[in-house]
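In what follows, a structure is listed as structure tokens, so that the remarks can point back to it.
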Amino acid sequence: MRWMGKINPVFLVLILLLLAVAFLSPYFLQPAGYMNFLKRAAPIAILAVGQLYVINSGGFDLSAGALVTLTVIGSSILLNGDPSATWWVICVMLVIGAMVGVANAFVVSYLKVPSIIATLGMMITLSGIALTWSGGAPRGYLPENFRFFGRYLIKDVPLIQLLPVAVIVMIIVCGALWWLMHRTNYGKQLVAMGDNPQSARLAGVPLVRTRTIAFVVSSLSAVIAGILLGGFAGVSTDVGVGLELQAITAAVIGGAQLLGGRGTVGAAVAGALVLQTVFTLLNIFGFPKPIRDVVQGLILISAVALASFRRRNSGG
Amino acid sequence: MIAFLKRRSSFLAPVLLLAIAFGTYVGIAIATGQTQHLTAENLIGLLGRSIALGITAVGQTFVILIASIDLSVANLISVSAVLASHLMAGDPGSIFPAVLAVLLVGVVVGAVNGLVVTRLEVNPLIATLGMALILQGILSALFTNFAGEVPKEFQSFAYGEIFGVSTSLLFLIALTIAAWGFLRFTRAGSNIYSVGGNADAAKLAGIRTTRVVIMAHVLCSVCAVVAGLYLASRLGSGAPWIGRDGVYDLESIAVVVIGGTALSGGRGGVWGTLMGVMIFSLIDSIFNLAGVDAFAKQILRGVIIIGAVALYAARSRRIEA
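Those protein sequences? They're chains A and B, same order as listed.
Note that this note's numbering has the first sequence beginning at -2, numbered continuously upward.
Note that this note's numbering has the second sequence beginning at 130, numbered continuously upward.
Take a look at the structure:
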């Protein structure tokens, strides 16, 4: 029975929840049902994996949600419906994202501000920028080829019938980040740094560079999530509100140890899917939307409590 | 003597910042020809605009002193304001039971935060973020707009005056003196510093650290609900978004840190926090005098918070080194 202890319980929870949803709503078993589900989960999964990089480095990134909003607002203003501008606007947004990540890492590394304060300050600053830029209300609109990523469904795919582009984006991004975290030297350095920054530094891990890459990954994942959300949810000034907490919750459900640890990309994606499944279940039962927050809060606390309970019992 | 000097040096930075902020304020008032703002009445009024932040921040000081943090205060403020005005429903007779009920909610929320942090060993950031989500979710499920109203009598908490000074300002000062006395002269107060300074050492010295942590969280939550009562009294009614809109969670943490209380716990106090509140309300007034637009104000605010905390991070490193 020892091997059972090694499987991350998040996968079992996910399977149970998915079975529950499938049982309650047969629509979920059809390609349109589960693909729609995956499409809606894609931004959270991408954000959760980005957040995992920062969590594994020993910090938090609370600015991710505001960056999602800034991406959506900024793109719609810059594009203003002009399809020929899509590619350079996406590039500009990715550059802005990279700059936000570098700024976060700079404040944490050189100014020694705790990441929670640094990224909360960044969150306020970014939503201030989004509001100043837009004048407080959404302006402009997103052309069809920008919304392609979040909205388009590829039809007539063999076996699964249809495949949303958002799901492809999710698989590519999460796959690349899985590779970076679990198959490269950088990933090992990141986890070592989150575990014990002093010993990692003595062992030759370049702390500043490692942390900077983690924050940049998180910010870029927020920009990508913003592009997907702009695609299927449209332009609004509150599209990103609370997403950073959902991302942290997802990573924590996946077993990421807060303040440095060993969360895996697979488990973070599973955590995001668990969260999305729980939201789906609440929908099926007809609970009002705010109840999502209550449940998310309870899950967040119990996941961390469970993780620290397991840690104490395993003596690690 | 060394302890005295240390206490002095932790005061130095907030005093300096306060002087800079005040100088800038006076400078801009003179430069833009708005000298009518420089009356004594107006300067006292500056602090009066930040009563809710002040009350919350005094509470936040307790949890930061024990090296914890409370991110649920903003949502608890909303809960308190809405609950108070809903229960009072304009009837002066129900002021007392409503206040009692709201205070009880504060005690319970604080105790739960403290228990989750100590017994379940959940990181305080996560524990209180989770609590924030739970509180806001319940509140938004039950109320979607301004709920109930507070009776005229209760509005005197925010608008009343004693000897020409507003009651709420006197309350904030009395609260700060009480919190200072508690931290300075009681055993429970010095336990807070011991636990924040070194929890393991405090435990070995026979202090029940769990109780101290729970107590600090209860004090913080009670302060937050009192801030909610104040807002209900000022606005005449509570709405489920007032706490979040005021960003009381981040701002209360920021003013505590700017006031010289270390995020790592064990150092600082409430007078510094009060100075932090004054610095923030001066910054706000400077923006108003200079005519900075509301959204740009938010950007500057984020930058100032990061900058101020960075200033202190640099300082505390020097002390630790």
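Virtual Cβ for every residue (Gly too), placed ideally from N, Cα, C.
Query	Result
Cutoff 6 Å; reference L403 of chain B; Cβ partners in own chain excluding five residues on either side	T305
Strand pairing of I291 of chain B, partner residues [DSSP]	B:V294
Rounded separation between I184 of chain B and V292 of chain A - CA only	30 Å
Beta-bridge partners of P203 of chain A, as assigned by DSSP	In DSSP, P203 of chain A forms no bridge with anything.
Endpoints, alpha helix (DSSP H) assigned at K185 of chain A	N182 to D192
Chain-order list of residues whose beta-carbon lies under 7 Å from that of A191 of chain B (same chain, five-residue window excluded)	Per the sequence presented here, residue 191 of chain B reads as Phe, with Ala not at that position. Closer than 7 Å at the Cβ level, and outside the excluded window around F191 of chain B, lie I321, A345, L348 and C349.
Residues of its chain near I288 of chain A, where Cβ-Cβ distance is below 7 Å and the 5 sequence neighbours each way are ignored	L279
Cut-off 6 Å between Cβ atoms - residues of its own chain near M120 of chain A, not counting five sequence neighbours on either side	L59, S60 and A63
Assumed close pair V69 of chain A, G223 of chain A - CB separation to whole angstroms, cut-off 8 Å	5 Å
Contact the stretch 367 to 376 of chain B vs the stretch 229 to 244 of chain B: 3+ CB pairs below 8 Å	no
Beta-carbon neighbours of I70 of chain A, restricted to chain B and to distances below 8 Å	Under the 8 Å cutoff, chain B gives no residues; its nearest Cβ is about 12 Å from I70 of chain A.
is_contact[D290 of chain A, chain B] using C-beta, thresh 8 Å	yes
heavy atom of the ligand PLP below 7 Å from V351 of chain B C-beta	In terms of ligand content, the structure shown is empty, and the ligand PLP therefore cannot be addressed.
8 Å Cβ cutoff, L117 of chain A in contact with chain B	yes
Extent of the continuous beta strand (DSSP E) run through K152 of chain A	L150 to V154
Q314 of chain A in three-state terms, based on DSSP	Coverage of chain A is limited to positions -2 through 313, which leaves residue 314 of chain A absent and any answer about it impossible.
Interface residues of the stretch 148 to 180 of chain A facing chain B [CB-CB below 8 Å]	none
Between the CA atoms of V342 of chain B and K332 of chain B - distance to the nearest angstrom	12 Å
Delimiting residues of the alpha helix (DSSP H) encompassing H346 of chain B	T338 to L364
Cross-strand partners of G367 of chain B (DSSP beta bridge)	B:A276
Closer than 8 Å to chain B by CB, G313 of chain A	Note on G313 of chain A: pLDDT 48, under 50, position unreliable in the model; no value is reported.
Endpoints, the alpha helix (DSSP H) within which A330 of chain B is located	A328 to L333
Reduced DSSP secondary structure (H/G/I, E/B, other) of I306 of chain B	helix
Limits of the unbroken alpha helix (DSSP H) element including D378 of chain B	Y377 to I387
Three-state secondary structure (DSSP) of G239 of chain B	helix
Between the CA atoms of D235 of chain A and T66 of chain A - distance to the nearest angstrom	7 Å
Beta-carbon neighbours of V110 of chain A, restricted to chain B and to distances below 8 Å	I435, V438, A439 and A442
Given 8 Å, three or more beta-carbon pairs between the stretch 38 to 52 of chain A and the stretch 205 to 225 of chain A	yes
For L172 of chain B, the three-state DSSP class (helix, strand or coil)	helix
Helix, strand or coil at S131 of chain A according to DSSP, with G and I counted as helix	helix
Segment limits, alpha helix (DSSP H) that includes F34 of chain A	P28 to N53
From A:L128, A:S196, A:K286 and A:Q186, residue whose alpha carbon lies closest to that of N53 of chain A	A:Q186
CB contact below 8 Å: R430 of chain B versus chain A	yes
Inter-residue Cα distance where the pair is S285 of chain B and T296 of chain B	8 Å
Nearest candidate by alpha-carbon position, reference L298 of chain B, set B:I336, B:A356 and B:A334	B:A356
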